[in-house]
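Letter by letter, the sequence shown follows residues -24 to -1, 1 to 430 in mature numbering (1 follows the signal peptide of the UniProt record, and there is no 0).
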Amino acid sequence: MKRQAVVCLIVALFALYELPVTEGSCNTDSTGKFGPQCEYTCHCRDQQAWRCGEDGTCSNNQCQDGYFGTRCQYRNIAAGPTNPRFIDFNTDTCNMNGISEVSVCGETTPFNFTWLRVSGDWDTLQSLTMEWEDTDGSVVPCTNLVKRRVKYGYSRFNTIDFDCPEISKPINRIILKGTIEQIKFCSSYMSDTAQKRSLEKQTEMTWGRYKRNCPAGWYGPKCQYKCRCSMEFECQDDGTCLSSCQKGWFGPACQYSDLAYKATGSTRLTDGDDSTCENVYSGSPTTVQTGIDFRFTWMRIVGDTKVHHVSVEFKKDSQTVPCSDVLKSTVSENVVDIRCQNPTLTIDRVTLSVSGQTSICSVHISGGRYVGLEQDARQSTAGYGGYAQNAVDGDTDGHYDHYSCTHTVGYERLSWWELSLKTPVIPSTYKLYNRDREYTPLWSYVLLTLKFCP
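Below is the structure:
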């Protein structure tokens, strides 16, 4: 049978992208504040507080002029381009003329470049080339241009974030050029370096070893890691979060998927919120059942107070599975990590027992790190804008028109998609996100794992 291969994400280790609602109430409608301690100011269109949700998102993602991002917390310093429509903060007012290039400057000249967000026609963005002009008029080379596709509001146009980690000195302007006959630009946004987060309350920030400001939601020396903070603008340059991890993620820099999140019979222990707790009593063990068989590596227990007297039993199909060497490490007074050195320990649940009474807030079970992100992907053919790299862009959106799914050409005898990892890994889970709402999803496929020796 002739088939088309359509898949939205492959080799994702439980990649979950739900943005949680901020706990607590800031009475956003009247105060215009949000955040765990109501420390952030809403910047929605016309500065109308009623447009701001409890988690800071604005209705229809419409930001106040001069701000942008998922929660409108990035200040825009883009100014002085060739066409004024390009900085009118409106993604639906576009230049449809056959212009050959557009210049983007900062509020002052020269300026420190961080990252640039551009919206426009998809073909224009895909064909876009950039030049960074030095203060003497020469071109600053960029050999590692970073592109991150983002969704923006309900615009019929598309948006991409651009960054060049090599640009570390002030520049005069950025020149955008299209290689197609007619380029269609709508808006540009550029984050400032001095204060890219809008903080009403001053918060001490400990910046990591990476001094670059990456596009929203990314970090690392080459902006290659995806932030997993509950609020993307709180992600520091080393990936750590100012408040909490996005639900479904935990651990160092929130990079480990949480198999316990929303587990079977989910309670406060598995709601992904370390601030909601419940009492566990001696003689009444608590079981967290994931609903799938998985290879156990490590888990984290978060308590309201000390949790040092908690013991763990590993089970599969209600039968105890022995762990020859259980290791406990104290992260802090109320956080304990538990590891098992048995590399083949396969279970589907863990049971917690305590002596006396203990208040436990969260149980996190590691599903591993997402190792497929931004790795090298290729496929037999590409059709309808469904490029192979779309499957590892970190976006699990199954709506095909949002440009995050792959697609081969029709009526191929044998279609295939392939991912090459830059460094060897031992995968624990493969997860595929299929296309939704439309026909021709991925089906009747074979998944192969290959190891090539040099």
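Backbone N, C-alpha and C fix where the C-beta goes; we use that ideal spot for every residue, glycine too.
| query | result |
| --- | --- |
| Residues of its chain near Q23, where Cβ-Cβ distance is below 6 Å and the 5 sequence neighbours each way are ignored | Q40 |
| Integer-rounded CB distance, given that V339 should sit under 8 Å from L349 | About 26 Å separates the two Cβ atoms, so there is no contact after all. |
| Sequence-distant residues of the same chain with beta carbon closer than 6 Å to K9, five excluded per side | C2 |
| Reference T273; option with closest CA among S331, G11, D293, P403 | P403 |
| Status (buried if at least 16 other CB within 10 Å, exposed otherwise) for T320 | exposed |
| Beta-bridge partners of N366, as assigned by DSSP | None; N366 has no bridge partner. |
| Beta-carbon spacing of A367, A353 below 8 Å | yes |
| C-beta atoms of G370 and K202 nearer than 8 Å | yes |
| Range covered by the alpha helix (DSSP H) that runs through W98 | 98 to 102 |
| Nonlocal neighbours in the same chain, by C-beta distance under 8 Å from S219, ignoring five residues either side | G11, P12, C205, S206, M207, E210 |
| Residues bridged to F209 (per DSSP) | Answer is none; F209 lacks a bridge partner. |
| Nearest-angstrom Cβ-Cβ length linking C18 and A25, presumed shorter than 8 Å | 6 Å |
| Simplified DSSP assignment, three categories, for L418 | coil |
| Same chain only: Cβ atoms within 8 Å of L265, ignoring 5 sequence neighbours per side | Per the sequence presented here, residue 265 reads as Gln, with Leu not at that position. Closer than 8 Å at Cβ, skipping near neighbours: A239, T240, G241, D324, R325. |
| Secondary structure of T372, DSSP reduced to three states | coil |
| Beta-carbon proximity of G96 to A192, cut-off 8 Å | no |
| With 16 other Cβ atoms within 10 Å as the buried cut-off, status of Y128 | Any reading at Y128 needs caution, since the residue's pLDDT is 44, under 50, leaving its predicted position unreliable; the model's value is listed next. Classification for Y128: buried. |
| Member of T262, Q317, V286, P197 whose CA lies at the smallest distance from the CA of residue 455 | Because the chain spans -24 through 430 in this model, residue 455 falls outside it and cannot be assessed. |
| Nonlocal neighbours in the same chain, by C-beta distance under 6 Å from S305, ignoring five residues either side | D313 |
| When S103, L101, N52, Q231 are compared against T84, the one with the closest alpha-carbon | N52 |
| Proximity of V126 and D139 at Cβ, strictly below 8 Å | no |
| Contacts around W392, its chain only, beta-carbon distance under 6 Å, and the 5 residues preceding and following it disregarded | S356 |
| 8 Å Cβ shell around Y232 - same chain, five flanking residues per side excluded | W225, F226, H340, S342, G343, G344, R345 |
| Whole-angstrom distance between C253 and E77, CA atom to CA atom | 56 Å |
| Neighbourhood of T105 by C-beta, 6 Å cutoff - its chain only, sequence neighbours within 5 removed | K153 |
| Where T273 falls: helix, strand or coil (DSSP) | coil |
| Cβ separation of C337 and S258, assumed to be a contact under 8 Å, to the nearest whole Å | About 18 Å separates the two Cβ atoms, so there is no contact after all. |
| H340 - containing beta strand (DSSP E), residue span | 333 to 345 |
| Length of the line joining the Cα atoms of G332 and D280 | 15 Å |
| Buried or exposed (CB count within 10 angstroms, at least 16 for buried), I268 | exposed |
| Contact under 8 Å by Cβ, F270 with T334 | no |
| Start-to-end residues for the beta strand (DSSP E) that takes in Q355 | 352 to 355 |
| When K123, S167, S163, P117 are compared against I143, the one with the closest alpha-carbon | P117 |
| Reduced DSSP secondary structure (H/G/I, E/B, other) of C230 | helix |
| For N134, the first and last residue of its enclosing beta strand (DSSP E) | 134 to 139 |
| 7 Å CB neighbourhood of V307 in its chain, flanking five on each side removed | D313 |
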